[in-house]
Amino acid sequence: MSTSSFSLTRRGLLAGSASLVLSAPMINRGWAQDPTPINMLAWYGHAEPDMVAEFEAENNVKFIPKYYAGGDNMLALIAQSPVGTYDIILSDAEFVQQLNAAGYIEEMDASLFPFDDFWPQYQKFPGHWTDDQLWSVMVRFGLLGVSYNTDALTRDEAMSYNAFWNEKVKGKVGHFDWHLPSLGQISLLNGNNNPSPFDIDEAAWEAVMEKTLSLKPQVGGYFDYGGTFASLKNGEMLAMCGIGDWITGVLQKDGAPVASVIPEEGGIQWTESYSIGKGTTKHEIINKFIQYMLSPRGQVRSIQMAAYPGLSPTKSGWTAIQEANPAEAERSGLIEGHDQSPIKLLEEGRLFFRDIPQQQSLEDWNDFWSEYKTA
Amino acid sequence: MPSRTDVYKYVWRLPLILWQGLFFVVPLLLMVAMSFWLVRNYRMTPDFIFDNWERMLTRGYVWNAYEVTFLRATVAAALASLIAFPASFALAFRVSETTRRWAIFFLIVPFFTSYLVRVYAWQVLLAESGPINAVLGFAGLGPFTMLNSGFGAMVGYMTLVLPLVVILQTFSLAAIDKNLIEAAANLGAGAAQRLFNVIIPAAKVGLILGAVFAFILSFGDFVSPFYLGGSKPPTLSILIIDTTKSGQQWPRAAVVAVMMIVTLFVVAFAAVGAAYGRRNG
């Protein structure tokens, strides 16, 4: 006779355990809802775990990225997709106006974002606002200057775009295969810095083309993203036109003898901004994600993004990286007064936002780039 | 009224006709049509304008790329044929049937791996700091710039086409009636005479087809000129990529593609004419 109303036999234990195991997935499903999918259109790396895993875990969301390579590619992907396909769009700043003109993005609520924390130069970024209407929020940027092999060139030699014509790198100068950054840099070398290397008249454009063609004997190749990495890493190219720390910063971590500097003639800034895709129903969580990316911890992640490093437009981002990783803050110039500090460069008039040509058509620049490559 | 034999004949032909229609003729017609379309706001719009043709055919860089592509493909076809011939000759006439089968098997093995992967391997091998230059360095030579050059691109073309050319040449040479060669020898023909007057004419079809395949594959290749040639200078396939990247100009890229296809048709038909044409006299 049992002495208790509850008795556990071996058979009962096995049956109970088995039913518990079998019902576990149901219990789990009942406790936690499936994560909300967020469709993101972005450059590679922005929806990788190092950038979004923390936010995903905290908010039970899952980013589903569609990666593109270049602004044209981005616009084409949106143009070929139904409205509402992408909840959040990361775009190069110079394409925001085109996104807006084509009606691919929604107006944003400026009061939700910490613009007071932005460096003043970035609070009203060109093209992101129409009067007081906000269309895109800048989250990171980077600088394009002279990227070079430190065994081949000294920093002093690299402090001018004339470094690309240096005999020591003859046949070893590579181009990132996109006309805007390379031609922009040569425009700067020609002294086109007022108002911008991309806002030049026909005579200046002719001079840029002539100067560019004179670089041809120095050129060793034209490379995509992967080829740029490989050719700098294996020493096939000793200097690279049209890139910056977004490439060499990654290679430096691998121990490659490469570096990037903003030369005396000035540098070009690439800028990445988030917009809300037209037709999305997930405004609240997208705004929360952009707020997260602009927070100090989000900016620390962005500055050290595994795919390619970036710089922070916020003051608290600078402070956070100085505390979290002083060496990275020093390396990337995110210290006030640093000679490569983007704010200092802006104040000195040596930093220009990458743009599309203002007095020529994009086709003119692209046609010349094709001619240059076959010259 | 068609006979029963005729019906069977058409039924057996049907899969090939359907396949060619669906996967060659229809896409080709679509591409030709696309070359007259318009791109507006990064979106293609069906139209019938000649702007794309006018623009591409009047640009110097398009013709420069055409010249480079044609020249490189011609050199690749000639080089592959010349390099392949001694090996094919040996496999056809100097080794046993078993050895030849194994050799053919090993010539097919490279196709088991991705061409892109093989080209990436060449990037490592051809680099100035790579093993080939290291070995040459022991002999006091180099370092030589092999990557991002025409030489690098040609190495890639050979990687792509050489095994195929050897196989085609070998089949063609092995099929020659040996009695013809013996007869020529019995009639006093020397080795060179037997080669040029008997063997090569008898294997003409296979030799020409090998060269044509080498030309076709090299002419349209993107991987080697890009990853081993450093896009310096760009070929037509690189130009297609550049054109689509810039403003999503697929119609302009279609113009380049049509130029390439027309060229390949002309070369292929000329080659087939040369291969199967009757000799005069």
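Sequence lines, in order, name chains A and B.
Using my numbering, read the first sequence as starting at 172 and increasing by one per residue.
Using my numbering, read the second sequence as starting at 284 and increasing by one per residue.
We put the beta carbon where it would ideally sit given N, CA and C, even for glycine.
Residue i versus residue j: straight-line alpha-carbon distance, rounded
i: A/K449; j: A/S252; result: 11 Å
i: B/M547; j: B/V538; result: Note that residue 547 of chain B is Leu in the sequence shown, not Met. Cα to Cα, the separation comes out at about 14 Å.
i: A/S385; j: A/G415; result: 22 Å
i: A/G392; j: A/F347; result: 9 Å
i: B/E465; j: B/R477; result: 9 Å
i: A/I198; j: A/E229; result: With a pLDDT of 47 at A/I198, under the threshold of 50, the modelled position of this residue cannot be trusted, and the question is left open.
i: A/N231; j: A/V267; result: 29 Å
i: B/Y344; j: A/E542; result: 5 Å
i: B/L408; j: B/Y398; result: 15 Å
i: A/L270; j: A/S473; result: 23 Å
i: A/M222; j: A/M411; result: 28 Å
i: B/V358; j: A/D526; result: 42 Å
i: A/L246; j: A/D535; result: 20 Å
i: A/Y275; j: B/R323; result: 15 Å
i: A/P220; j: A/L212; result: 16 Å
i: A/E278; j: A/Q304; result: 7 Å
i: B/T328; j: A/P297; result: 31 Å
i: B/Q452; j: B/P369; result: 10 Å
i: A/Q423; j: A/K453; result: 39 Å
i: B/Y325; j: B/Q532; result: 8 Å
i: B/S412; j: A/A546; result: 28 Å
i: A/I552; j: A/W306; result: Absent from the model: residue 552 of chain A. The displayed extent of chain A is 172 to 546, so no value can be given.
i: B/A467; j: B/V481; result: 8 Å
i: A/A374; j: B/A348; result: 28 Å
Within-7 Å CB hit, residue i to chain A
i: B/P516; result: yes
i: B/S412; result: yes
i: B/N416; result: no
i: B/S529; result: yes
i: B/R384; result: no
i: B/G513; result: yes
i: B/Y325; result: yes
i: B/N431; result: yes
i: B/Y398; result: no
i: B/A348; result: yes
i: B/Y291; result: no
i: B/Y440; result: no
i: B/T546; result: no
i: B/Y559; result: no
Residue range of the unbroken beta strand (DSSP E) whose run includes residue i
i: A/W551; result: The structure shown does not extend to residue 551 of chain A, since chain A spans only 172 to 546, so no value can be given for it.
i: A/T207; result: T207 to W214
i: A/M309; result: V308 to N320
i: A/G413; result: A410 to G415
Boundaries (first-last residue) of the alpha helix (DSSP H) holding residue i
i: A/H350; result: H350 to L360
i: B/L443; result: G433 to A457
i: B/F421; result: P414 to F421
i: B/Y403; result: Y398 to L409
i: A/H454; result: H454 to L465
i: A/L522; result: Looking at the DSSP string, A/L522 is not in any alpha helix (DSSP H); the run it does join, the beta strand (DSSP E), is L522 to F524.
Cβ-based burial, residue i [other Cβ within 10 Å; buried from 16]
i: B/L313; result: exposed
i: B/L492; result: buried
i: B/G560; result: exposed
i: A/P352; result: buried
i: A/E455; result: exposed
i: A/Q440; result: buried
i: B/F479; result: exposed
i: B/A417; result: exposed
i: A/P196; result: Unreliable placement is indicated for A/P196, whose pLDDT of 48 sits below 50; no coordinate value is reported for it.
i: A/V254; result: exposed
i: A/E435; result: exposed
i: A/Q529; result: exposed
i: A/P291; result: exposed
i: A/T383; result: buried
i: B/G630; result: This structure gives no information on residue 630 of chain B, because the portion of chain B shown stretches from 284 to 564.
i: A/N337; result: buried
Residue-level contact to chain B via CB, residue i, 7 Å cutoff
i: A/K544; result: yes
i: A/D526; result: no
i: A/G216; result: no
i: A/E338; result: no
i: A/G355; result: no
i: A/A247; result: yes
i: A/N333; result: no
TODO: Write down every uninterrupted run of the beta strand (DSSP E) in the region 326 to 386 of chain B whose length is 3 residues or greater and which is fully enclosed by it, in chain order.
DONE: 326 to 328
Task: 4-residue-minimum alpha helix (DSSP H) runs that sit fully inside the region 473 to 512 of chain A, ordered along the chain - done: 486 to 495 and 497 to 502
Task: Runs of beta strand (DSSP E) wholly within the region 229 to 277 of chain A (minimum 3 residues, chain order) - done: 232 to 239 and 259 to 263
Task: beta strand (DSSP E) segments (min. 3 residues) lying fully within the region 450 to 535 of chain B - done: none
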